[in-house]
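Step one of this worksheet: look at the structure below.
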Amino acid sequence: MKRPHVVVLGAAGFVGSAVLRELAHHRLRVRAVSRRRTPIPGGARAEIEVCAADLTEPGAMAAAVADADVVIHSLAYIAGSSTWRIADGDTAAERVNVGLMRDLLSVLGDREDGGVRPAVLFAGSASAAGPSDKEVLDGTEPDRPKGEYDRQKLAAERLLLAADAAGAVRGAVLRLPTVFGYSSGSSTRDKGIVSMMVRRAVAGEPLTMWHDGTVRRDLLHVDDVARAFSTAIDHIDELAGSRWLLGTGHGAPLGAVFARISELVAEQTGKAEVPVVSVDPPSNAEARDFRSVTIDSTAFRDATGWRPEVSLEEGLRMTTSFCTGGREAELH
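With the first letter of the sequence shown counted as 1, position 213 gets the number 195 in our numbering; the numbers rise by one all the way through.
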(Lines of atoms letter the chains of each structure in order from A and count residues from 1; the text may use other names and numbers.)
(Lines give C-alpha, C1' and ligand atoms only; values in the text may rest on other atoms or scores of the structure.)
Protein backbone atom coordinates (compact mmCIF):
# COMPACT_ATOMS: atom_id res chain seq x y z
CA MET A 1 0.00 0.00 0.00
CA LYS A 2 1.05 3.56 -0.64
CA ARG A 3 2.41 5.21 2.47
CA PRO A 4 0.32 8.19 3.64
CA HIS A 5 2.03 11.50 2.96
CA VAL A 6 2.16 13.68 6.09
CA VAL A 7 3.46 17.25 6.01
CA VAL A 8 4.60 18.83 9.27
CA LEU A 9 4.55 22.63 9.13
CA GLY A 10 6.90 24.06 11.74
CA ALA A 11 8.92 20.84 11.98
CA ALA A 12 11.88 22.55 13.64
CA GLY A 13 9.71 24.10 16.37
CA PHE A 14 9.30 22.74 19.88
CA VAL A 15 6.05 20.85 19.24
CA GLY A 16 6.71 20.21 15.54
CA SER A 17 10.09 18.60 16.16
CA ALA A 18 8.56 16.23 18.71
CA VAL A 19 5.81 15.33 16.23
CA LEU A 20 8.47 14.65 13.61
CA ARG A 21 10.35 12.35 15.99
CA GLU A 22 7.17 10.42 16.69
CA LEU A 23 6.15 10.11 13.04
CA ALA A 24 9.63 8.89 12.17
CA HIS A 25 8.77 5.61 13.95
CA HIS A 26 5.88 4.90 11.55
CA ARG A 27 5.70 3.73 7.96
CA LEU A 28 4.81 7.09 6.46
CA ARG A 29 6.12 9.57 3.96
CA VAL A 30 6.88 12.74 5.87
CA ARG A 31 7.80 16.18 4.61
CA ALA A 32 9.30 18.32 7.37
CA VAL A 33 8.84 22.02 6.60
CA SER A 34 10.56 24.83 8.47
CA ARG A 35 12.58 27.98 7.94
CA ARG A 36 15.28 26.59 10.24
CA ARG A 37 17.48 23.52 10.00
CA THR A 38 15.47 20.38 10.69
CA PRO A 39 17.45 17.37 11.98
CA ILE A 40 16.22 14.00 10.70
CA PRO A 41 15.61 11.60 13.61
CA GLY A 42 17.92 8.60 13.68
CA GLY A 43 16.64 5.11 12.91
CA ALA A 44 13.59 6.40 11.07
CA ARG A 45 11.15 3.95 9.50
CA ALA A 46 9.43 6.82 7.72
CA GLU A 47 10.63 8.27 4.44
CA ILE A 48 11.53 11.81 5.52
CA GLU A 49 12.01 14.76 3.20
CA VAL A 50 13.23 18.08 4.60
CA CYS A 51 11.91 21.26 3.02
CA ALA A 52 13.44 24.61 4.02
CA ALA A 53 10.92 27.34 3.32
CA ASP A 54 9.64 30.70 4.53
CA LEU A 55 5.92 30.07 4.25
CA THR A 56 5.14 33.78 4.27
CA GLU A 57 6.71 34.03 0.79
CA PRO A 58 4.43 33.79 -2.29
CA GLY A 59 4.02 30.23 -3.56
CA ALA A 60 5.86 28.66 -0.63
CA MET A 61 2.79 27.13 0.98
CA ALA A 62 1.62 25.47 -2.24
CA ALA A 63 5.00 23.80 -2.71
CA ALA A 64 5.21 22.77 0.93
CA VAL A 65 1.91 20.89 1.02
CA ALA A 66 1.86 19.53 -2.52
CA ASP A 67 0.42 15.98 -2.59
CA ALA A 68 -0.14 15.95 1.19
CA ASP A 69 -2.70 13.52 2.59
CA VAL A 70 -2.37 15.04 6.08
CA VAL A 71 -1.01 18.42 7.16
CA ILE A 72 0.00 18.98 10.78
CA HIS A 73 0.00 22.73 11.40
CA SER A 74 2.31 23.54 14.30
CA LEU A 75 3.54 26.91 13.09
CA ALA A 76 4.06 29.56 15.75
CA TYR A 77 5.09 33.20 15.79
CA ILE A 78 7.86 33.76 18.33
CA ALA A 79 8.53 37.26 19.64
CA GLY A 80 11.71 37.21 21.71
CA SER A 81 11.47 34.33 24.16
CA SER A 82 7.70 33.87 24.03
CA THR A 83 5.14 32.53 21.59
CA TRP A 84 2.10 33.98 23.30
CA ARG A 85 2.89 37.42 24.78
CA ILE A 86 1.73 39.36 21.74
CA ALA A 87 0.84 43.04 21.72
CA ASP A 88 -2.60 44.03 20.49
CA GLY A 89 -2.59 44.70 16.77
CA ASP A 90 0.69 42.85 16.10
CA THR A 91 0.33 42.35 12.35
CA ALA A 92 3.48 40.23 12.03
CA ALA A 93 2.07 37.75 14.53
CA GLU A 94 -1.31 37.79 12.78
CA ARG A 95 0.38 37.01 9.46
CA VAL A 96 1.84 33.81 10.91
CA ASN A 97 -0.82 32.74 13.40
CA VAL A 98 -3.83 33.44 11.18
CA GLY A 99 -2.58 34.30 7.70
CA LEU A 100 -0.71 31.04 7.18
CA MET A 101 -3.81 29.03 8.08
CA ARG A 102 -5.73 31.09 5.51
CA ASP A 103 -3.00 30.40 2.93
CA LEU A 104 -2.98 26.68 3.71
CA LEU A 105 -6.72 26.33 3.33
CA SER A 106 -6.71 28.31 0.10
CA VAL A 107 -4.09 25.98 -1.39
CA LEU A 108 -5.85 22.81 -0.26
CA GLY A 109 -9.22 24.15 -1.40
CA ASP A 110 -7.88 24.70 -4.92
CA ARG A 111 -7.07 21.03 -5.44
CA GLU A 112 -8.82 19.43 -8.39
CA ASP A 113 -7.82 15.79 -7.99
CA GLY A 114 -11.27 14.77 -6.73
CA GLY A 115 -9.82 12.31 -4.23
CA VAL A 116 -10.16 12.05 -0.47
CA ARG A 117 -10.19 15.44 1.17
CA PRO A 118 -6.83 16.27 2.77
CA ALA A 119 -6.75 16.30 6.56
CA VAL A 120 -5.46 19.22 8.64
CA LEU A 121 -4.57 18.87 12.32
CA PHE A 122 -3.98 22.20 14.03
CA ALA A 123 -1.98 22.74 17.22
CA GLY A 124 -4.36 25.06 19.01
CA SER A 125 -4.30 26.34 22.58
CA ALA A 126 -6.55 25.64 25.54
CA SER A 127 -6.23 29.35 26.38
CA ALA A 128 -8.18 30.24 23.23
CA ALA A 129 -11.35 29.77 25.27
CA GLY A 130 -10.35 32.75 27.38
CA PRO A 131 -10.92 33.22 31.12
CA SER A 132 -13.39 30.85 32.72
CA ASP A 133 -14.98 30.53 36.14
CA LYS A 134 -14.22 26.81 35.87
CA GLU A 135 -10.82 25.51 36.86
CA VAL A 136 -11.37 22.21 35.05
CA LEU A 137 -11.89 22.76 31.32
CA ASP A 138 -13.54 20.07 29.20
CA GLY A 139 -14.19 21.86 25.90
CA THR A 140 -17.76 22.91 26.60
CA GLU A 141 -16.72 26.41 27.67
CA PRO A 142 -17.76 29.35 25.46
CA ASP A 143 -14.89 31.02 23.63
CA ARG A 144 -14.22 34.49 25.05
CA PRO A 145 -10.51 35.09 24.48
CA LYS A 146 -8.96 38.20 26.04
CA GLY A 147 -5.32 38.35 24.91
CA GLU A 148 -4.15 38.92 21.33
CA TYR A 149 -2.48 35.51 21.12
CA ASP A 150 -5.67 33.75 22.17
CA ARG A 151 -7.75 35.76 19.72
CA GLN A 152 -5.40 34.86 16.88
CA LYS A 153 -5.35 31.16 17.77
CA LEU A 154 -9.15 31.14 17.87
CA ALA A 155 -9.36 32.94 14.52
CA ALA A 156 -7.16 30.25 12.94
CA GLU A 157 -9.32 27.52 14.50
CA ARG A 158 -12.47 29.04 13.09
CA LEU A 159 -10.98 29.26 9.61
CA LEU A 160 -10.11 25.56 9.72
CA LEU A 161 -13.46 24.40 11.08
CA ALA A 162 -15.31 26.54 8.53
CA ALA A 163 -13.29 24.90 5.75
CA ASP A 164 -14.20 21.49 7.18
CA ALA A 165 -17.89 22.43 7.25
CA ALA A 166 -17.63 23.60 3.64
CA GLY A 167 -16.20 20.24 2.58
CA ALA A 168 -12.78 21.58 1.56
CA VAL A 169 -10.74 19.66 4.14
CA ARG A 170 -11.14 17.32 7.08
CA GLY A 171 -10.01 19.61 9.86
CA ALA A 172 -9.55 19.10 13.60
CA VAL A 173 -8.05 21.24 16.36
CA LEU A 174 -6.02 19.80 19.22
CA ARG A 175 -6.04 22.42 21.97
CA LEU A 176 -2.86 22.14 24.00
CA PRO A 177 -2.33 22.97 27.69
CA THR A 178 1.06 24.01 29.10
CA VAL A 179 3.49 21.80 27.16
CA PHE A 180 6.97 21.13 28.50
CA GLY A 181 9.96 18.92 28.48
CA TYR A 182 12.92 17.25 26.92
CA SER A 183 13.66 13.63 26.12
CA SER A 184 16.65 11.85 24.64
CA GLY A 185 15.94 12.88 21.05
CA SER A 186 15.05 16.53 21.65
CA SER A 187 16.43 18.89 19.01
CA THR A 188 14.67 22.19 19.75
CA ARG A 189 14.85 24.47 22.78
CA ASP A 190 11.86 24.54 25.11
CA LYS A 191 11.07 28.16 25.97
CA GLY A 192 8.25 27.34 28.39
CA ILE A 193 8.05 28.04 32.10
CA VAL A 194 9.22 24.60 33.27
CA SER A 195 12.44 24.53 31.27
CA MET A 196 13.07 28.20 32.04
CA MET A 197 13.03 27.34 35.75
CA VAL A 198 15.31 24.37 35.17
CA ARG A 199 17.80 26.68 33.48
CA ARG A 200 17.64 29.07 36.43
CA ALA A 201 18.22 26.23 38.88
CA VAL A 202 21.21 24.97 36.89
CA ALA A 203 22.64 28.51 36.97
CA GLY A 204 22.15 28.66 40.76
CA GLU A 205 19.48 31.36 40.56
CA PRO A 206 16.30 31.54 42.67
CA LEU A 207 13.10 30.23 41.08
CA THR A 208 10.61 33.09 41.07
CA MET A 209 6.82 33.02 41.10
CA TRP A 210 4.34 35.87 40.57
CA HIS A 211 1.98 34.35 43.14
CA ASP A 212 2.06 32.22 46.28
CA GLY A 213 2.68 28.95 44.42
CA THR A 214 -0.83 27.56 44.66
CA VAL A 215 -1.69 28.41 41.04
CA ARG A 216 -2.04 25.10 39.18
CA ARG A 217 -1.19 24.12 35.62
CA ASP A 218 -1.93 20.99 33.65
CA LEU A 219 1.59 20.16 32.47
CA LEU A 220 1.71 17.82 29.47
CA HIS A 221 5.02 16.42 28.28
CA VAL A 222 5.82 17.20 24.65
CA ASP A 223 6.28 13.51 23.82
CA ASP A 224 2.67 12.88 24.82
CA VAL A 225 1.59 15.77 22.60
CA ALA A 226 3.47 14.19 19.71
CA ARG A 227 1.76 10.84 20.32
CA ALA A 228 -1.60 12.60 20.34
CA PHE A 229 -1.02 14.03 16.87
CA SER A 230 0.19 10.68 15.56
CA THR A 231 -2.89 8.98 17.00
CA ALA A 232 -5.15 11.68 15.57
CA ILE A 233 -4.00 10.83 12.04
CA ASP A 234 -5.57 7.38 12.43
CA HIS A 235 -8.81 8.86 13.79
CA ILE A 236 -9.26 11.88 11.58
CA ASP A 237 -12.77 10.91 10.49
CA GLU A 238 -13.93 10.79 14.12
CA LEU A 239 -12.15 14.05 15.00
CA ALA A 240 -12.88 16.17 11.93
CA GLY A 241 -15.04 19.22 12.42
CA SER A 242 -14.31 19.73 16.11
CA ARG A 243 -11.81 21.01 18.63
CA TRP A 244 -10.38 18.64 21.23
CA LEU A 245 -8.64 19.35 24.52
CA LEU A 246 -5.43 17.56 25.50
CA GLY A 247 -4.25 17.29 29.08
CA THR A 248 -3.28 15.02 31.94
CA GLY A 249 -6.34 15.72 34.09
CA HIS A 250 -4.09 16.89 36.94
CA GLY A 251 -3.43 20.50 37.89
CA ALA A 252 0.00 20.70 39.54
CA PRO A 253 0.69 23.61 41.96
CA LEU A 254 3.54 25.57 40.43
CA GLY A 255 5.21 26.15 43.79
CA ALA A 256 5.51 22.40 44.29
CA VAL A 257 6.70 21.92 40.69
CA PHE A 258 9.43 24.54 41.10
CA ALA A 259 10.50 23.03 44.44
CA ARG A 260 10.81 19.62 42.78
CA ILE A 261 12.90 21.14 39.99
CA SER A 262 15.24 22.62 42.61
CA GLU A 263 15.54 19.22 44.31
CA LEU A 264 16.22 17.33 41.08
CA VAL A 265 18.84 19.78 39.84
CA ALA A 266 20.60 19.62 43.21
CA GLU A 267 20.46 15.82 43.13
CA GLN A 268 21.92 15.68 39.64
CA THR A 269 24.63 18.33 40.08
CA GLY A 270 25.62 17.88 43.71
CA LYS A 271 25.03 21.58 44.35
CA ALA A 272 22.74 23.14 46.94
CA GLU A 273 19.06 23.51 46.20
CA VAL A 274 18.08 26.97 44.99
CA PRO A 275 15.22 28.78 46.78
CA VAL A 276 11.71 29.17 45.39
CA VAL A 277 10.47 32.72 46.08
CA SER A 278 7.46 34.92 45.35
CA VAL A 279 8.08 38.26 43.62
CA ASP A 280 5.93 41.11 42.36
CA PRO A 281 4.52 40.42 38.88
CA PRO A 282 5.81 42.49 35.94
CA SER A 283 3.69 45.02 34.13
CA ASN A 284 3.04 42.66 31.21
CA ALA A 285 1.51 39.93 33.40
CA GLU A 286 -1.91 38.81 32.22
CA ALA A 287 -4.95 37.59 34.14
CA ARG A 288 -4.35 34.02 33.03
CA ASP A 289 -0.95 34.05 34.75
CA PHE A 290 -2.86 33.86 38.03
CA ARG A 291 -5.61 31.40 37.07
CA SER A 292 -5.44 27.67 37.78
CA VAL A 293 -6.12 25.35 34.85
CA THR A 294 -6.75 21.62 34.70
CA ILE A 295 -7.81 19.85 31.51
CA ASP A 296 -10.40 17.11 31.21
CA SER A 297 -9.45 15.41 27.93
CA THR A 298 -11.99 12.59 28.25
CA ALA A 299 -13.57 13.36 24.87
CA PHE A 300 -10.27 13.01 22.97
CA ARG A 301 -9.28 9.94 24.95
CA ASP A 302 -12.58 8.21 24.23
CA ALA A 303 -12.40 9.07 20.52
CA THR A 304 -8.82 7.92 19.97
CA GLY A 305 -7.63 5.73 22.85
CA TRP A 306 -4.78 8.17 23.54
CA ARG A 307 -3.51 8.48 27.11
CA PRO A 308 -0.59 10.49 28.52
CA GLU A 309 2.31 8.14 29.18
CA VAL A 310 4.88 10.49 30.76
CA SER A 311 4.18 11.28 34.41
CA LEU A 312 5.02 14.72 35.76
CA GLU A 313 7.81 13.25 37.87
CA GLU A 314 9.30 11.40 34.89
CA GLY A 315 8.98 14.46 32.66
CA LEU A 316 10.68 16.71 35.22
CA ARG A 317 13.45 14.18 35.76
CA MET A 318 14.10 13.81 32.01
CA THR A 319 14.08 17.58 31.56
CA THR A 320 16.42 18.37 34.44
CA SER A 321 18.76 15.54 33.37
CA PHE A 322 18.85 16.90 29.82
CA CYS A 323 19.75 20.36 31.06
CA THR A 324 22.20 19.40 33.80
CA GLY A 325 23.97 17.15 31.30
CA GLY A 326 24.69 20.19 29.10
CA ARG A 327 22.62 18.91 26.16
CA GLU A 328 20.34 21.93 26.03
CA ALA A 329 23.28 24.11 25.01
CA GLU A 330 23.48 22.13 21.74
CA LEU A 331 19.93 23.02 20.71
CA HIS A 332 18.90 25.72 18.25
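Glycine is no exception: its CB is placed at the ideal position from the N, C-alpha and C atoms.
Inspect the beta-carbon positions of VAL247 and THR190 and report whether they are closer than 8 Å. no
Grab the span of the alpha helix (DSSP H) containing ARG140 for me, first residue to last. 130 to 147
For GLU39, which option in GLY121, ARG77 and ALA154 has the closest C-alpha, if you only look at C-alpha atoms? ARG77
Assuming LEU189 is part of the beta strand (DSSP E), what are its boundary residues? 189 to 191
Can you list, in chain order, the residues of its chain with a C-beta nearer than 8 Å to that of LEU143? Leave out the 5 residues immediately preceding and following it. GLY153, VAL155, GLY223, SER224 and ARG225
Residue nearest to GLY237 in terms of C-alpha spacing, selected from ARG27, THR196, ILE215 and ALA267: THR196
Using 8 Å for Cβ pairs, my map puts VAL207 next to LEU158. What's the rounded Cβ distance? 6 Å
Quickly, what does DSSP pair ALA34 with across the bridge? List them, please. SER16
Same chain, Cβ closer than 7 Å to PHE240, neighbours up to 5 away in sequence not counted: MET179, LEU189, MET191 and VAL258
My parser needs the beta strand (DSSP E) runs of 3 or more residues fully inside the region 244 to 280; what are they? 258 to 260
Which class does GLY(-2) belong to by DSSP, given the choice of helix, strand or coil? helix
Can you look up SER107 in the DSSP assignment and give me helix, strand or coil? strand
Helix or strand or just coil, what does DSSP make of VAL197? coil
Inter-residue Cα distance where the pair is VAL292 and VAL15: 27 Å
Is GLU4 helix, strand or coil by DSSP? helix
Taking the Cβ atom as the reference point for each residue, do VAL161 and ASP278 lie within a distance shorter than 8 Å? no
Thinking ALA234 and ARG181 are a contact (beta carbons under 8 Å), I'd like their distance in whole angstroms, please. That belief does not hold up - the Cβ atoms of ALA234 and ARG181 are roughly 19 Å apart, past 8 Å.
Within 8 Å (strictly less), CB to CB, does THR122 reach chain D? As a matter of chain content, chain D is missing from the structure shown, which is built from one protein chain.
Where does ARG209 land, buried or exposed, given buried means 16+ other C-beta within 10 angstroms? buried
Tell me the residue span of the beta strand (DSSP E) that contains ALA154. 152 to 158
In whole angstroms, give me the CA-to-CA distance for GLY25 and HIS7. 8 Å
Beta-carbon within less than 8 Å of ALA42's beta-carbon, same chain only, minus the 5 sequence neighbours each way: which residues are those? ALA35 and ASP36
Starting from PRO235, follow its DSSP beta bridges and name the residues at the other end. ARG198
Measuring only the C-alpha atoms, how far is GLY97 from ALA44? 18 Å
Report, in whole angstroms, the separation of the C-beta atoms of ASP72 and THR280, which I expect to be a contact under 8 Å. Incorrect: roughly 35 Å between the Cβ atoms, too far for contact.
On the CB-based measure, 16 or more other CB atoms within 10 Å of its CB, does GLY(-8) come out buried or exposed? buried
Three-state secondary structure (DSSP) at VAL184? helix
Within the continuous beta strand (DSSP E) that includes LEU86, where are the two ends? Per DSSP, LEU86 belongs to no beta strand (DSSP E); it is in the alpha helix (DSSP H), 82 to 91.
Quick one: what's got a C-beta closer than 7 Å to GLU268's C-beta in the same chain, skipping five residues either side? GLY129
Excluding sequence positions up to five away, which residues of its chain have a Cβ less than 7 Å from the Cβ of ILE243? MET179, VAL180, ALA183, LEU189, LEU298 and THR302
Which same chain residues end up closer than 6 Å to ARG99 when comparing Cβ atoms and leaving out the 5 residues on each side of it in sequence? VAL151 and ARG152
Is it right to say THR122 is buried, meaning 16 or more other beta carbons lie within 10 angstroms of its own, or is it exposed? exposed
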